[in-house]
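S.K.: A single structure is presented below for examination.
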DNA sequence: CACCAGGGCGCG
DNA sequence: AAAGCGCGCCCTGGTG
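In my numbering, the protein residues as written are 17 to 856.
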């Protein structure tokens, strides 16, 4: 450490301020480096020589002269194993302030959330990285933050962004400006008829544009939804970046179009269709709004989808991608709602969004073209899927509202009865310990004290923090060994409470005036390429999730809940599931002969497992038992050990399995399918060698943890290497099938449409008279995605889609495969099942 | 009040 | 020695 700083700052007696000082290897470590440094780098803990060297390499790569900087930490003691707590960091603050007063840096570079918090008092490193603040209590010192190098080490997906941040901060500390090409010369605010005409003329001749809208309100389908402004950055053929930037103020209070904003939008809409390239960042959001207000056009490129396909681990916001890929400066405005912001600022913000979208478009497009299979996935799946899900989200799914209200009432009644039953057993208040504040039947301090201290029931499992587990499996075992009314009631309550808070209440709140419930699908929400479903998008400005809908991928299978959804009167509900898709894909990628034989001869592997587990013949195995066997198959397939198998067998079957039996069962599974073991080894080997694995369709999963020194972490990455290609392949195929089905339905002028997907299942609503044509069409496209033609992948395993037709989700009748594929039989089947309105 | 991590549980 | 994978939402309790 620097002797000048040390002697000026360090407590000569030996500091005992923090908890680490007692057993610390070295106490009160002060800054390393130049005592007159202009830039003081602030980390969480004092760095080891190796980490310090690494950080200096990063800094020097980013253009810093490492002789002119100093490095210090918010916590000033180093100790094995022990981490600095918030109190420790607080205790060290006076030393840090003393250092700053001695060194007098102009800039502090805060690395990581603790450094940011200490320097600025703000938490949320991903939100504040790249922004400039004053140092707390030292306002003459400027602070700029980015993520910590250890985060980058753990996840190389963050490396690009980290280096870009450092370069940006370097330019900032030198007072350098950005290159001219990275900022628009001017942003044209379109506030007159002549301006509109000029924009329309440009749209007639330009090759492409990136666009973005700003909106007010949460949902495009709610009456208070308005579009505040629409921005575009255009380019001509042969350009390598955006040329002009345009913004049309719409509903903004200062906009001249405020009262006629919809009219203006309608007038410009036809011109938006003209250019060949139409680009947006998460365009699904913008298209939803624009379509709602009558401006209909489609995308040809989405920068968020491209960025995710290229690297599933990196942050995907426009802000961070722009910084990572082209090194632009932050342009965010720090305001809650744009409608309250001055128009000039909104115009600049909205315009910069599109300018930067255009900038990263050119980079991402080039990167994508370099990987043929990825480019095909992008073209055939990502972009058209974004289009399909725009409409699925707008459409929503029909919900039987009277039934919803009736059942929501039942749920409340059940809860009420259980709660009053439980109240009779609540111990008197003066017996409660200090940390118990109120009666709470959820997994709370009260409930844990009540069960495990007051009732003295045994604790079999604890969580990370040492709190006794109150998970369902644990509690039901407890109830079996120590019968008690309270346990029965609590177990019963979990289900009703979950129904109430997670399902019925949100459904009632979010069902729209047309009795439909919406969701938001994230096409970039998972590392494997599956879609995720949820309440809404993150608001770009506030960072909060817009509460526009519900998660439609976790609707309970219980008909009491799932049966609330279905088809509107006069329509039918179609569910089409891929049969055992991941197991089939695994058989393909592992090239497993026994599995292939079973599938090619129409056998059911889950049934085989169920028969083994229960010892029953096929005819006696129940649906429930087969479903549990499925869990066992997937468990072993993806690397489950014998110990977990013991608990699975107990929790699912109530079967006690000994250690020996469990090992033997696992061995039997792999003996039955000998190539699976070899496939597992191959995936592990690939992950170790390349740090990534790839699906047969070209989708990559990066696994930086494979190089960890922690064996558990490595083992986890190895299992991910096994699972990812299978999950990705299955998911990509399902999405491509949906895209093709949607295209075909539109091409034929049919009204049937998808209302959502759940990974390997696609749901549709369909006018009764179209069923005869639509169901076979869906089935055929699910089973015949042109993988050979598009990816050169020849599947030598049959892919089967099972179709169900009914009025409600989960309450439908399965149609046998040979019936769907036979028009005469299927027509008959439809009549027999009450679908009279079939086409002549 | 906002934010966070962890527990628990719904789905595939 | 020990190890299913992939998600999102609600709640609790702690912190600033």
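From the three backbone atoms N, C-alpha and C, an ideal C-beta is built for every residue, glycine too.
Please read all numbers here as calculations on a predicted model, not as lab measurements.
If distances are taken between C-alpha atoms only, which option among 73, 456, 62, 759 comes closest to residue 105?
M.R.: When only C-alpha atoms are compared, the closest one is 62.
S.K.: Taking all protein chains shown into account, do 16 or more other C-beta atoms lie within 10 angstroms of the C-beta of residue 254, making it buried, or fewer, making it exposed?
M.R.: By the 10 Å Cβ count, residue 254 comes out exposed.
S.K.: Using the Cα positions of residue 628 and residue 683, report the straight-line distance between them to the nearest angstrom.
M.R.: About 14 Å.
S.K.: Using C-beta distances below 7 Å, list every residue in its chain close to residue 174, excluding the 5 sequence neighbours before and after it, in chain order.
M.R.: Counting only Cβ-Cβ distances below 7 Å, and skipping sequence neighbours, we find 163, 167, 168, 330.
S.K.: Can you look up residue 275 in the DSSP assignment and give me helix, strand or coil?
M.R.: In this structure, residue 275 counts as helix in the three-state DSSP scheme.
S.K.: Please specify which runs of the beta strand (DSSP E), each continuous and at least 3 residues long, are wholly inside the stretch 163 to 240, giving them in chain order.
M.R.: You should have 203 to 205, 224 to 232.
S.K.: Within 10 Å of its beta-carbon, does residue 570 have 16 or more other beta-carbons around it, so buried, or fewer, so exposed?
M.R.: Residue 570 should be labelled exposed.
S.K.: Would the stretch 332 to 342 and the stretch 373 to 383 be scored as touching if the rule is three or more Cβ pairs under 8 Å?
M.R.: Output reads yes: the stretch 373 to 383 touches the stretch 332 to 342.
S.K.: Excluding five sequence neighbours on each side, which residues of the same chain lie with their C-beta closer than 6 Å to the C-beta of residue 856?
M.R.: Annotation note: pLDDT 49 at residue 856 (below 50); position unreliable, no value reported.
S.K.: Mapping the DSSP letters down to three states, classify residue 533 as helix, strand or coil.
M.R.: Residue 533: strand per DSSP, three-state reduction.
S.K.: List the whole-angstrom C-beta distance separating residue 664 from residue 647, where the pair is believed to meet the contact cut-off of C-beta under 8 Å.
M.R.: Yes, residue 664 and residue 647 are in contact; Cβ-Cβ is about 7 Å, under 8 Å.
S.K.: So which of 122, 323, 165, 118 has the shortest CA-CA distance to residue 131?
M.R.: Comparing Cα positions, the closest option is 165.
S.K.: Classify residue 260 as helix, strand or coil using the three-state DSSP reduction.
M.R.: Looking at residue 260 - three-state DSSP - the assignment turns out to be strand.
S.K.: Using a Cβ-Cβ cut-off of 6 Å (strictly less than) and excluding sequence neighbours within five positions of residue 838, which residues of its own chain qualify?
M.R.: For residue 838, where only same-chain residues beyond five positions count, there are no Cβ hits under 6 Å.
S.K.: For the alpha helix (DSSP H) that contains residue 594, what are its first and last residues?
M.R.: From DSSP, residue 594 is part of no alpha helix (DSSP H) but of the beta strand (DSSP E) over 587 to 594.
S.K.: Applying the 10 Å Cβ sphere with the 16-neighbour rule, what's the burial state of residue 701?
M.R.: The residue in question, residue 701, is exposed, as its Cβ has fewer than 16 Cβ neighbours within 10 Å.
S.K.: Express the C-alpha separation of residue 293 and residue 66 in angstroms, rounding to a whole number.
M.R.: Cα to Cα, residue 66 sits roughly 48 Å from residue 293.
S.K.: Would you identify the three-state DSSP class for residue 583, choosing helix, strand or coil?
M.R.: Correct three-state label for residue 583: coil.
S.K.: Whole angstroms is fine: what's the gap from residue 287's alpha carbon to residue 347's?
M.R.: Cα-Cα distance, rounded: 28 Å.
S.K.: Quick check on this structure: which residue in 742, 575, 656 has the alpha carbon closest to the alpha carbon of residue 601?
M.R.: Closest by alpha carbon: 742.
S.K.: Quick check: the stretch 718 to 733 against the stretch 742 to 757, are at least 3 beta-carbon pairs closer than 8 Å?
M.R.: No, the stretch 742 to 757 is not in contact with the stretch 718 to 733.
S.K.: In angstroms, rounded to a whole number, what distance separates the CA positions of residue 260 and residue 128?
M.R.: Looking at the two C-alpha atoms, the distance is approximately 37 Å.
S.K.: Under a three-way DSSP split, which group does residue 856 fall into?
M.R.: Note that residue 856 scores a pLDDT of 49, beneath 50, so its modelled location is shaky and nothing firm can be said.
S.K.: Check the C-beta distance from residue 242 over to residue 267 and give it rounded, since I have them as a contact under 8 Å.
M.R.: Going by Cβ atoms, the distance from residue 242 to residue 267 rounds to 4 Å, so yes, they are a contact pair.
S.K.: If we count the other Cβ atoms within 10 Å of its Cβ and call it buried at 16 or more, is residue 425 buried or exposed?
M.R.: Answer is exposed; the Cβ neighbour count stays below 16.
S.K.: Between which two residues does the beta strand (DSSP E) carrying residue 857 extend?
M.R.: Residue 857 cannot be examined here, being either before or after the span of the chain that is shown, 17 to 856.
S.K.: Let's see if you can read the secondary structure: which residues bound the beta strand (DSSP E) around residue 773?
M.R.: Here the beta strand (DSSP E) through residue 773 covers 769 to 773.
S.K.: Touch check for the stretch 553 to 570 and the stretch 770 to 781: three-plus C-beta pairs under 8 Å?
M.R.: These segments touch.
S.K.: Could you give the DSSP three-state label for residue 85: helix, strand or coil?
M.R.: Looking at residue 85 - three-state DSSP - the assignment turns out to be strand.
S.K.: To the nearest whole angstrom, what separates the beta carbons of residue 92 and residue 50, a pair I think is in contact under 8 Å?
M.R.: 19 Å between Cβ atoms; not a contact.
S.K.: Let me confirm a value: residue 221 is counted as buried when at least 16 other C-beta atoms fall within 10 Å, else exposed. Which label applies?
M.R.: Exposed, by the Cβ-count rule.
S.K.: Given residue 641, which residues of its chain have a CB within under 6 Å of its CB, disregarding the five upstream and five downstream residues?
M.R.: Once the five neighbours on either side are set aside, the close Cβ partners of residue 641 are 626, 630.
S.K.: So, helix, strand or coil for residue 245, using DSSP?
M.R.: Note: residue 245 maps to strand in three-state DSSP.
S.K.: Just how far apart, CA to CA, sit residue 466 and residue 442?
M.R.: The alpha-carbon atoms of residue 466 and residue 442 are separated by roughly 8 Å.
S.K.: For the stretch 679 to 764, list the alpha helix (DSSP H) runs that are entirely contained and at least 4 residues long, ordered along the chain.
M.R.: Taking only runs of at least 4 residues, the alpha helix (DSSP H) segments lying wholly in the stretch 679 to 764 are 691 to 706, 727 to 763.
S.K.: For residue 673, which residues from the same chain have a beta carbon less than 6 Å from its beta carbon, with the 5 sequence-adjacent residues on both sides left out?
M.R.: Closer than 6 Å at the Cβ level, and outside the excluded window around residue 673, lie 662, 665.
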